[in-house]
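Participant:
There are 2 protein chains.
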Amino acid sequence: MAACRELRKEHAKEFFESFDTVLFDCDGVIWDANDEIPGAKDTLRKIKEMGKRIIFITNNSTKSRTQYAKKFTELGFESVPKERIFCTSFAAAHYLKEKLKFQGKVYLIGEAGLEEELTEYGISYTGPGPDPVTGIQKEWLHIPLDPEVKAVCVGFDRRFSYFKILRAASYLNKPNVPFLGTNEDQRFPPHVGYEIVLPGTGCIINAVKTAALREPLILGKPESYLFECIQQSIKEVDQSRTLMVGDNLHTDIPFGRNCGLKTLLVLTGISTLEEARHFQASNSIHDQKKVPNFYLPSIKELGELIDKVQ
Amino acid sequence: MAACRELRKEHAKEFFESFDTVLFDCDGVIWDANDEIPGAKDTLRKIKEMGKRIIFITNNSTKSRTQYAKKFTELGFESVPKERIFCTSFAAAHYLKEKLKFQGKVYLIGEAGLEEELTEYGISYTGPGPDPVTGIQKEWLHIPLDPEVKAVCVGFDRRFSYFKILRAASYLNKPNVPFLGTNEDQRFPPHVGYEIVLPGTGCIINAVKTAALREPLILGKPESYLFECIQQSIKEVDQSRTLMVGDNLHTDIPFGRNCGLKTLLVLTGISTLEEARHFQASNSIHDQKKVPNFYLPSIKELGELIDKVQ
Chain A
1 MAACRELRKE
11 HAKEFFESFD
21 TVLFDCDGVI
31 WDANDEIPGA
41 KDTLRKIKEM
51 GKRIIFITNN
61 STKSRTQYAK
71 KFTELGFESV
81 PKERIFCTSF
91 AAAHYLKEKL
101 KFQGKVYLIG
111 EAGLEEELTE
121 YGISYTGPGP
131 DPVTGIQKEW
141 LHIPLDPEVK
151 AVCVGFDRRF
161 SYFKILRAAS
171 YLNKPNVPFL
181 GTNEDQRFPP
191 HVGYEIVLPG
201 TGCIINAVKT
211 AALREPLILG
221 KPESYLFECI
231 QQSIKEVDQS
241 RTLMVGDNLH
251 TDIPFGRNCG
261 LKTLLVLTGI
271 STLEEARHFQ
281 ASNSIHDQKK
291 VPNFYLPSIK
301 ELGELIDKVQ
Chain B
1001 MAACRELRKE
1011 HAKEFFESFD
1021 TVLFDCDGVI
1031 WDANDEIPGA
1041 KDTLRKIKEM
1051 GKRIIFITNN
1061 STKSRTQYAK
1071 KFTELGFESV
1081 PKERIFCTSF
1091 AAAHYLKEKL
1101 KFQGKVYLIG
1111 EAGLEEELTE
1121 YGISYTGPGP
1131 DPVTGIQKEW
1141 LHIPLDPEVK
1151 AVCVGFDRRF
1161 SYFKILRAAS
1171 YLNKPNVPFL
1181 GTNEDQRFPP
1191 HVGYEIVLPG
1201 TGCIINAVKT
1211 AALREPLILG
1221 KPESYLFECI
1231 QQSIKEVDQS
1241 RTLMVGDNLH
1251 TDIPFGRNCG
1261 LKTLLVLTGI
1271 STLEEARHFQ
1281 ASNSIHDQKK
1291 VPNFYLPSIK
1301 ELGELIDKVQ
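Those protein sequence lines, which keep their order, are chains A and B.
Oh and the first sequence: position 183 is 183 in the numbering used here, straight run, nothing missing.
Remember, the numbering used here sits 1000 above the position in the second sequence when you count from 1.
Here it is in structure tokens:
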């Protein structure tokens, strides 16, 4: 059973000696939309100086690896090679090409990140952009479908609309058309002081799967495909010596548990310590997978602990 | 345990003597979008001539009672008083006014039917119409919310968009804001010869509830609120002498069972005889609720049986 202990000075030496690779979630861990989470740059620098391998792993599909690498530089982080960034837009293209040996066109509910990754892998697609409803309901039956579409891929899409559900479900009505979803996150991390809830990709996927009467294959955390991508790309990554740092008890922590990694929760994003305690007290195996080994208030305290052990 | 027998001549006399009131679902039973299901007008006329009370009951929220009454006339059916039509747009306004004694404004994901019913009950609302995304994600936090909104109601909306999920989930973040959903139908009845799947209100509600992290109160079938409305409005309706005729094993038939009605499945809409047989063979109580007492190919055969017993 996992412990959900605060990571304190007395555990720190043993803790830092237990891993060579750290997987950092991004939203809610190292940045908050477009602002650094205080202390993130400093902590990442110290971990690198300890000789640890740093990898970034995000369920967010709105950017490609190249776009994420650019974002690190723009926000003043040390530059990160795109090969160290594993996002679900990359995972979707990787899965289609490497696992499915996919031939044909993808119907895509998504944004620029997915478009770029599919293009990089030489996969053609249709769908992105606005698709508002026109005409009366009776006319919708005559909407042309693209006969070349042989797969449906659903990620975050701010232009999500009723017609996109209609098209996706119509393509998915053929049972041999694969149905991929990037991730099932319900919301983006909250912003203190604002009333607005920012819905996540899980809302979009749940709408499509309701009409499709089918479950998608999910590529993002807590499913393990992103770790499979990492191990294929960086041969030296040993799961028994890898730490997952995340803010989400429903994605990051069970992902770590599913892949046999150590887990550290930070409290600067989606999940709270109360939730972690709730799962810790539960007898359900499903809930137990959501309990991290350790927690810290934020990534800043992780850096401070490095100073204390050195 | 229900039987799922074909309604044949030998059961017909006893069958017709067992009810005074018939509740007819509309889409897939008496019409198919804008076309009469063959035999519907004739069968309805014969049932009326037998002295039975006919009531129409639909999960569809796109029209008001007045608009449905007009549709009957336009499609050449005998005129139906609006007091005999129970649609979920009516149920939503009824629930807010009669059950909740609602004061305030409703955030509405819906169409003209819901707008008309809310207006008729003197309930103000905001929301319907296009709401496309503008600006960058960081700016969305500043979207103004209407402080008068004290409830969220979600029905079918062809202009459903990401921003509507965002607004609904933001209003629902206050735990005392009621969350009503008209119905959870996954699709509209299929149209033979067309590849297009027409997604139903269930897709829209599932998207909103994923972001809201809350379950809505559902007004449509299989929930019993529509029958509560019927019994309040038409005092003589006795559940033990009422028949529900529907095409949907997930809504119409369990609604009938939940309300203690007799049930007849017709095969001109969503559900198939194979599905009914599947539920009949299941040991689950949940599945057993989906087994109708009788089935017929269509409403036409119901009319033909009337001729045979008279």
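Note that beta-carbon positions come from the ideal geometry of N, C-alpha and C, so glycine has one too.
These numbers come from a predicted model, not from an experiment.
1. Is A/Arg257 close to chain B? Criterion is C-beta to C-beta, closer than 8 Å.
2. Skipping 5 residues on each side, what residues in its chain have a beta carbon closer than 8 Å to that of A/Glu312?
3. Comparing alpha-carbon positions, which option in A/Lys262, A/Ser284, A/Gly256, A/Gly246 lies nearest A/Leu273?
4. Kindly list the residues whose CB is nearer than 6 Å to the CB of B/Gln1186, restricted to its own chain and excluding five residues on each side of it in sequence; keep chain order.
5. Which residue comes first and which comes last in the alpha helix (DSSP H) that contains B/Ala1300?
6. So is B/Leu1213 buried or exposed if we call it buried at 16+ other beta carbons inside 10 Å?
7. I'd like to know if A/Glu195 contacts chain B, where contact means its C-beta is closer than 8 Å to some C-beta of that chain.
8. Looking at chain A, which residues of the region 1100 to 1129 of chain B have a Cβ within less than 9 Å of any of its Cβ atoms?
9. B/His1191 touches chain A at which residues, Cβ-Cβ below 7 Å?
10. Between A/Glu120 and A/Thr88, what straight-line distance do the alpha-carbon atoms span, to the nearest angstrom?
11. Alpha carbons only, please: which of B/Thr1134, B/Phe1015, B/Asp1020, B/Phe1188 is nearest the one belonging to B/Asn1059?
12. Determine, using beta carbons only, whether B/Gly1110 and B/Asp1146 come nearer to each other than 8 Å.
13. Output yes if chain A places a C-beta closer than 8 Å to the C-beta of B/Gly1202; else output no.
14. I'd like the ranges of any alpha helix (DSSP H) spanning at least 4 consecutive residues and lying wholly in the region 1209 to 1254 of chain B.
15. Beta-carbon of A/Phe227 versus every beta-carbon of chain B: anything under 8 Å?
16. I want to see whether chain A comes within less than 8 Å of B/Ala1211, judged by CB atoms only; does it?
17. Going by the beta-carbon positions, is the gap between B/Ser1061 and B/Gly1113 smaller than 8 Å?
18. Work out the CA separation of A/Val266 and B/Val1197 for me, nearest whole Å.
19. So, is the C-beta of A/Asn173 closer than 8 Å to a C-beta in chain B?
20. A/Ser161 bridges to which residues according to DSSP?
21. Go ahead and label B/Ala1040 buried or exposed: buried means 16 or more other beta carbons lie within 10 angstroms of its beta carbon, across all protein chains shown.
22. Which same chain residues, not among the five before or five after B/Ser1018, have their C-beta less than 8 Å away from its C-beta?
23. Can you tell me the Cα-Cα spacing of B/Ala1092 and B/Thr1182, whole angstroms?
24. When we look at the beta-carbon of B/Val1192 and count the other beta-carbons within 10 Å, is it buried (16 or more) or exposed?
25. Within the continuous alpha helix (DSSP H) that includes B/Ala1068, where are the two ends?
26. For the beta strand (DSSP E) that contains B/Gly1113, what are its first and last residues?
27. Using alpha carbons as the reference points, say which of B/His1011, B/Ile1055, B/Asp1042 lies closest to B/Ser1298.
28. Mind listing the chain A neighbours of B/Tyr1095? Cutoff is C-beta to C-beta under 9 Å, in chain order.
29. Looking only at its chain, what residues have a beta carbon closer than 7 Å to the beta carbon of B/Lys1300, apart from the 5 residues adjacent to it on each side?
30. Taking contact to mean 3 or more Cβ pairs, one atom from each stretch, closer than 8 Å, check whether the region 220 to 231 of chain A and the region 249 to 263 of chain A are in contact.
31. Taking Cβ positions, are B/Lys1052 and B/Asp1020 nearer each other than 8 Å?
32. Give a yes or no on whether the C-beta atoms belonging to B/Val1149 and B/Tyr1107 are separated by under 8 Å.
33. DSSP puts B/Arg1053 in a beta bridge; with which residues?
34. Taking C-beta pairs closer than 9 Å, name the residues in chain A that B/Leu1249 reaches, listed in chain order.
35. Could you list the residues in the region 1286 to 1300 of chain B with a C-beta less than 7 Å from some C-beta on chain A, going in chain order?
36. With three or more beta-carbon pairs closer than 8 Å as the criterion, would you say the region 164 to 176 of chain A touches the region 79 to 87 of chain A?
Facilitator: With the given structure in hand:
1. no
2. Since the first residue shown for chain A is 1 and the last is 310, residue 312 of chain A is missing from the structure and cannot be characterised.
3. A/Gly246
4. Gly1200, Gly1202
5. Here residue 1300 of chain B turns out to be Lys, not Ala, going by the sequence shown. It spans 1299 to 1309 - the alpha helix (DSSP H) in which B/Lys1300 sits, taken as one unbroken run.
6. exposed
7. yes
8. none
9. Leu141
10. 14 Å
11. Of the candidates B/Thr1134, B/Phe1015, B/Asp1020, B/Phe1188, the one whose C-alpha sits nearest the C-alpha of B/Asn1059 is B/Phe1188.
12. no
13. Chain A has a Cβ within less than 8 Å of the Cβ of B/Gly1202.
14. With a minimum length of 4 residues, the continuous alpha helix (DSSP H) runs that stay inside the region 1209 to 1254 of chain B are 1225 to 1233.
15. no
16. It does: the Cβ of B/Ala1211 has a partner Cβ on chain A nearer than 8 Å.
17. For B/Ser1061 and B/Gly1113, yes; Cβs fall inside 8 Å.
18. 43 Å
19. yes
20. In the DSSP output, where bridge partners are listed per residue, A/Ser161 has B/Ser1161.
21. buried
22. Arg1241, Leu1243, Lys1262
23. 7 Å
24. Answer is exposed; the Cβ neighbour count stays below 16.
25. Before going on, a small fix: residue 1068 of chain B reads as Tyr here, not Ala. Looking at the DSSP string, the run of the alpha helix (DSSP H) that includes B/Tyr1068 is 1065 to 1074.
26. B/Gly1113 -> not in any beta strand (DSSP E); alpha helix (DSSP H) instead, spanning 1112 to 1120.
27. B/Asp1042
28. Simply none; closest approach about 23 Å.
29. Around B/Lys1300, the same chain offers Pro1038, Gly1039, Thr1043 as residues with beta carbons nearer than 7 Å, after the five sequence neighbours per side are excluded.
30. In this structure the region 220 to 231 of chain A lies against the region 249 to 263 of chain A, because at least three pairs of beta carbons, one per stretch, are closer than 8 Å.
31. yes
32. yes
33. The partner list for B/Arg1053 (beta bridge, DSSP) reads B/Thr1021.
34. In chain order: nothing, as chain A lies at least about 13 Å away.
35. none
36. no
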